[in-house]
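**Student:** Protein chains in written order, with my numbering: chain A, 199 to 551; chain B, 199 to 551; chain C, 199 to 551; chain D, 199 to 551.
Where is the CB? At the ideal position from N, CA and C, for every residue including glycine.
Protein chains: 4
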Amino acid sequence: MKKIDVSILGCTGTVGQRLIEMLHNHPWFNIVSIAASERSASKAYKDAAINWYLPIDIPEDLRDMTVVNTDPGEAEAPLVFSALPSDTAKEVEGRFAEAGCAVTSNASAYRMEKDVPLIIPEINAEHLELIEVQRENREWKGYIVTDPNCTTIGLAMVLKPLHDRFKLDTVYVSTMQAISGAGLPGVQGLMITDNVIPYIKGEEQKVIGETRKILGKLESKQVNFADFKIACSCNRVSVVDGHTESVFIKTKEPVDIEEAKKVLRNFKGEPQKLNLPSAPKEPIIVREEENRPQPRLDRMAGTVPGMSASVGRIRPGFDEHTLLLTLISHNTIRGAAGAVVLNAELLYAKNFL
Amino acid sequence: MKKIDVSILGCTGTVGQRLIEMLHNHPWFNIVSIAASERSASKAYKDAAINWYLPIDIPEDLRDMTVVNTDPGEAEAPLVFSALPSDTAKEVEGRFAEAGCAVTSNASAYRMEKDVPLIIPEINAEHLELIEVQRENREWKGYIVTDPNCTTIGLAMVLKPLHDRFKLDTVYVSTMQAISGAGLPGVQGLMITDNVIPYIKGEEQKVIGETRKILGKLESKQVNFADFKIACSCNRVSVVDGHTESVFIKTKEPVDIEEAKKVLRNFKGEPQKLNLPSAPKEPIIVREEENRPQPRLDRMAGTVPGMSASVGRIRPGFDEHTLLLTLISHNTIRGAAGAVVLNAELLYAKNFL
Amino acid sequence: MKKIDVSILGCTGTVGQRLIEMLHNHPWFNIVSIAASERSASKAYKDAAINWYLPIDIPEDLRDMTVVNTDPGEAEAPLVFSALPSDTAKEVEGRFAEAGCAVTSNASAYRMEKDVPLIIPEINAEHLELIEVQRENREWKGYIVTDPNCTTIGLAMVLKPLHDRFKLDTVYVSTMQAISGAGLPGVQGLMITDNVIPYIKGEEQKVIGETRKILGKLESKQVNFADFKIACSCNRVSVVDGHTESVFIKTKEPVDIEEAKKVLRNFKGEPQKLNLPSAPKEPIIVREEENRPQPRLDRMAGTVPGMSASVGRIRPGFDEHTLLLTLISHNTIRGAAGAVVLNAELLYAKNFL
Amino acid sequence: MKKIDVSILGCTGTVGQRLIEMLHNHPWFNIVSIAASERSASKAYKDAAINWYLPIDIPEDLRDMTVVNTDPGEAEAPLVFSALPSDTAKEVEGRFAEAGCAVTSNASAYRMEKDVPLIIPEINAEHLELIEVQRENREWKGYIVTDPNCTTIGLAMVLKPLHDRFKLDTVYVSTMQAISGAGLPGVQGLMITDNVIPYIKGEEQKVIGETRKILGKLESKQVNFADFKIACSCNRVSVVDGHTESVFIKTKEPVDIEEAKKVLRNFKGEPQKLNLPSAPKEPIIVREEENRPQPRLDRMAGTVPGMSASVGRIRPGFDEHTLLLTLISHNTIRGAAGAVVLNAELLYAKNFL
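1. Tell me the DSSP bridge mates of D203(C)?
2. Where do the ends of the alpha helix (DSSP H) carrying M355(A) lie?
3. So, for M374(B): in the same chain, excluding its five sequence neighbours on each side, which residues have a beta-carbon less than 6 Å away from its beta-carbon?
4. Taking the alpha-carbon of I398(C) as reference, which of E408(C), G379(C), K411(C), C209(C) has the nearest alpha-carbon?
5. Is any beta-carbon of chain A found at less than 8 Å from that of T524(B)?
6. So what does DSSP say about F279(C), is it helix, strand or coil?
7. With DSSP collapsed to three states, give me the class of T409(C).
8. Output needed in chain order: residues of the segment 367 to 386 of chain D with a Cβ under 7 Å from some Cβ in chain C.
9. Would you call P270(C) buried or exposed, if buried means 16 or more other Cβ atoms sit within 10 Å of its Cβ?
10. In three-state DSSP terms, what is H325(A)?
11. At 8 Å on the CB atoms, spell out the chain A contacts of V438(D), in chain order.
12. Note down, in chain order, every chain B residue with its Cβ under 9 Å from the Cβ of Y397(C).
13. Could you name the residues of chain B that N249(C) contacts, counting a contact when the two beta carbons are closer than 9 Å?
14. Please classify D313(C) as buried or exposed, where buried requires at least 16 neighbouring CB atoms within 10 angstroms.
15. Is there contact between the segment 473 to 480 of chain B and the segment 391 to 406 of chain B, where contact requires at least three CB pairs shorter than 8 Å?
16. May I ask you to list, following chain order, the residues of the segment 495 to 523 of chain C that have a beta carbon less than 8 Å from some beta carbon of chain A?
17. Would you say E408(A) faces chain B, with C-beta separation under 8 Å as the test?
18. According to the neighbour-count rule (16 or more other Cβ atoms, all chains shown, within 10 Å of its Cβ), is Q420(A) buried or exposed?
19. Are the segment 450 to 460 of chain D and the segment 401 to 410 of chain D touching, with three or more C-beta to C-beta distances below 8 Å?
20. Output, in sequence order along the chain, the residues in the segment 251 to 273 of chain B whose CB is closer than 7 Å to any CB in chain D.
21. Whole alpha helix (DSSP H) runs in the segment 403 to 482 of chain C with 4 or more residues, listed along the chain?
22. Using only the alpha-carbon positions, how far apart do T524(C) and M505(A) sit?
23. Could you pull out every residue in the same chain whose Cβ sits closer than 6 Å to the Cβ of G510(C), ignoring the five residues on either side in sequence?
24. Pop quiz: I229(D) and V213(D) are said to be a contact at Cβ under 8 Å. What is the actual Cβ separation, rounded to whole angstroms?
25. Which residues does DSSP list as the beta-bridge partners of S508(D)?
26. Name the DSSP beta bridge partners of P514(B), please?
27. Please name the residue or residues paired with S372(A) in a DSSP beta bridge.
28. Reducing DSSP to helix, strand and coil, say where D259(C) ends up.
29. Here's the rule: buried if 16 or more other CB atoms are within 10 angstroms of the residue's CB, otherwise exposed. What is R171(A)?
30. Are F446(C) and Y370(D) close, meaning C-beta to C-beta below 8 Å?
31. With 8 Å as the threshold, decide whether the Cβ of Q403(B) is near any Cβ in chain A.
32. For the alpha helix (DSSP H) containing A273(D), list its first residue and its last residue.
33. Return yes when the Cβ of L207(D) is within less than 8 Å of the Cβ of L282(D), no when it is not.
34. Under the three-state reduction of DSSP, which class applies to I342(B): helix, strand or coil?
35. With a 10 Å radius around its C-beta and 16 neighbouring C-beta atoms as the bar for buried, classify T268(B) as buried or exposed.
36. Exposed or buried, what is R237(B) when buried is set at 16 or more other beta-carbons lying within 10 Å of its beta-carbon?
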């Protein structure tokens, strides 16, 4: 099989590094171009990725690849992975889409646009139909597909089967997020050691909006948001990788705990049906131990490491309409790099490329 | 003024160490006896407190004091401070009360007994009337007064003025608790580094029951629990001291955010009126910065360091009956040693000694 | 090929867990028995290993294996891996050797005995000749082979090629050791967070003695210790896995830095010649970056993850006889479980089984 | 007594914050001006010090003081405290000295200049005579006095009495330095969590040079460096405040351990004689516990908190000329802000102002 040429925009940050890790031996994709901001451009990757944080070395064949500018003229490819910071993503990704590239983006810039699919392949693969609308609206030869924020992704996956089965009324979620989620340079060591930072700029609004869009229904070429309510408090804790979320759920229908576990365990979607390379066999792993999941132990869960969310402490609240649980998912794999890769694999398998 | 002789039960643990720190120069109390388990008994304090964790040295005059057994025969005093582990507290504290001591306890053993006051002096000083009931019921010459769990205490203080003003309907709280709250030996370093432990044995039930008892009304010599609902998820994070709590509140009456801040700021109680030595001028400090309170920065807040709770991120949820906030209080000071000391000061000022 | 039946003594601790991980799919060995202290015996492994700290799940086929007592009657096998605590190892390992088992031990009990080989296969495989002496002396049907302390192992590997080339005069080493090295329950979370503990009981004497024995020469059936001097300060830092060591070396012959790097890079031994399954291609990886090695990034280095030591910051001191460097090796893999496994593989390949 | 007006240059960083803390209630000095880089200038201090890291609030009276530019025209005062970054200190401090200010600086820019005193008041107060040389050489109305690097300061204090008594031959020091030493933004949280960084740019050369200058002798108006050798490896660890140093010392005269403890304990200097406000009674505290000093427990040691160095594990090496010890000092207090304050107090008491 001939591999598809791909480029990576924003290749030096934490998500960019994970993309390098996940794509450099990918069975379908072939990295032909890596791009980053002006500061990095024209350097060898090994000299540009000065804050390499992964416990593997930079792949041998990419160490000396030259980083180019995030410009279609320099980094064009049929398929473009974007890990750009949000402030530049709007303009840059638009130019790549205009130039005819399929852009699978981890940036927040386009996520909430009406004609842009915000996809978790296990949940709402059918939202890809928005691509057609988008190209028409914007007169682009290419298009943009987005994945959600790293905190949204584990939450939405866990809420989906519960919403289908018990109808959600309200969700309260308090997060304990890993340092790598803040990117680079990210959180100062002086601030996060022996501390909790109870605020992450813009994060709560993302979780609230994105979750309801992803669980929304595509009707007449637009997404009608899911109608439950969400309140969210985001906290940063001293953990390298892996977001933990304490979730309190009010349901419209009464909850049976064993039934809740069952629908979570059985949850599967398009990636599992299509047997996509980065699809874990079980998107959700249910843990029965009283003190799991834990980020250090469970962030790499899944048959594709880091691609499954882990859920535990599934228990009733004060009445039969209240369900409590704790979930963990890997923020730079399932919550970012793995998410764009899985979206790209879905696009390929569904013949969007 | 002649000081009252006091003894400390459980003097070697994290709370016992804080009691030593707070009592060794106390204006009203004079340590005459320090007691601990058999393993420590008959050792000099400096040799028994092998896991000293405070950044001050053991007070010079106590270094060589001999630790005695937790037995009324050895550690009797008019006023007894108990930082005993729960499994031994039931029996031991009972014997001290029987022997005629006033026991101010930080253990959970008696907290939920109907005839035992569970006191936060700013909130429910009037519950001390239960002492009379207790002595009658149990035919004790002395009595036991308890303080709440370290997680309850900050929460209850913050909920009290909000409940008075807006009537609470439901409270969802997710905690990020400090390591020192687990006592000694406590949480393993291997388990809490680069990790979150989403479970603390027994903690959630304590928070739920105790909060409703403390905010309850004393009527006909018994406490009628406050009637709002609580759901709670307790997590341990890599912080030395200071519990952080994300709180989601549903109220019966609509909430005005500025009014909420005002009632929190203005909250005062008996300790402030009586000007007790360990009473902070402001029991609750409201912070306006978007990223405060933080445990490393705010745990020592208050005119008496560590005795004030700090609240921040006070904001609306998805409707006018939803209020969100984050609070921090020092778990071994306000949440434990400071709590029993303040209770003792209240007993003294109210002539219960 | 028929696999050799093996048992694991001390299967629940940090090293025991790593042994489970490394042996459950081993090409030559087959776990038939797992043993631990009385507290764990007769429980299923999943219920005994309550402090599982590895980011993989307990292997499916071992979850329900019953833990037995550390007694030859219950846990006998041709090959026995011991991760016993030192206080019980002396007696227990002796009984297994007496019963005819080949014991490959990670405990310190027998390391410094004159007739017991203390082996790092890359360095002193020939010391296995002591087995014969040992069996004769002790009238054992089996025998004991030991590996060094987790701090010694990286140090000795790095010193070996330097000693061969430049003749060591004096070595000063200051360590920054990981929490997992203290086993379970190990270091208290309260003590290691935001802290350094500048003392590890017994550790410094082990490093000093063991290093000189391993680099010693076997002559007339006894080991003559290497004759350089060592001073050592051991510190515990807040790192999960991976010991870091700052090393200052005085040499008898003048040092050329490039030559030093070269002999380190080229260092190979019996495991590489014999192509043992757990042998990394390069026992020592030399890093050129100015800020490497780092424990989080380099502890899993090597073609067999965690089996290579990483060395960096190789530089001159104040004269041509002074060499400075920093090294890292994984304390529970190369420094413990991997060490006993590699020793076992060496025994097999050399026909000692 | 009329207080002397002072200004602070670089008031927003970690050292600047400590200066604010130490000076805002100082008995001799009165803050009239606070200055920082262009980014902060003309903001209120509370808005400029966005990375406030101290567990006390910004002093009430300084919250709204306007930050000015680091220019003599805006921030001139008879006494100027500089916590400027090294790259700007050279030019800026020179201009203040030229303008007639007495500059007491924590920056490295001028430390090693021949005519600039590098002072630890307990050790080499007499080096202040260089001020006269400096003013003559440079034709400045004012002058610059510097203090050493945060790692040098604890080391030099401990070496001084040992050198006087036993004559140092060689010193090997491996450091475990706190995060706050890197200033702001400083070390990335992602890099220092679960990690050690074995490199701090420029640090080792500073320690080596500065220590020998400080312990040098003033002869014929110049400093002849102390003639022992030093090798140094600097490491960053996950500690908020407090540098730990493992020190190996070769002496020319044989060492008696009890005598070494005695000279350390008895060490005193000008600040103690002059009873300077920031002088601790004991500059060096000797600890006898086997596992002390520890940064979290000992960094605030001293009658003036954070101004004493703590030394422990004082023990012999492999011969009578080898002495091993571990020391801790607070890097932003004794090692930086407290150092410039103590220097300023010395200048005042010695009539240099």
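**Tutor:** Straight from the coordinates:
1. N228(C)
2. 348 to 364
3. N433, V435, T442
4. G379(C)
5. yes
6. strand
7. helix
8. Y370, S372, M374
9. buried
10. helix
11. L388, T391, D392
12. Simply none; closest approach about 13 Å.
13. Q386, L388, M389
14. buried
15. no
16. L495, D496, R497, M498
17. no
18. exposed
19. no
20. P253
21. 455 to 464, 468 to 471
22. 35 Å
23. R485, R490, P491, T524
24. The Cβ separation is near 15 Å, so there is no contact.
25. I483(D), I526(D)
26. L521(B)
27. S431(A), S444(A)
28. helix
29. Given that chain A is displayed from residue 199 to residue 551, the structure contains no residue 171(A) and the question cannot be resolved.
30. yes
31. no
32. 270 to 273
33. yes
34. strand
35. buried
36. exposed
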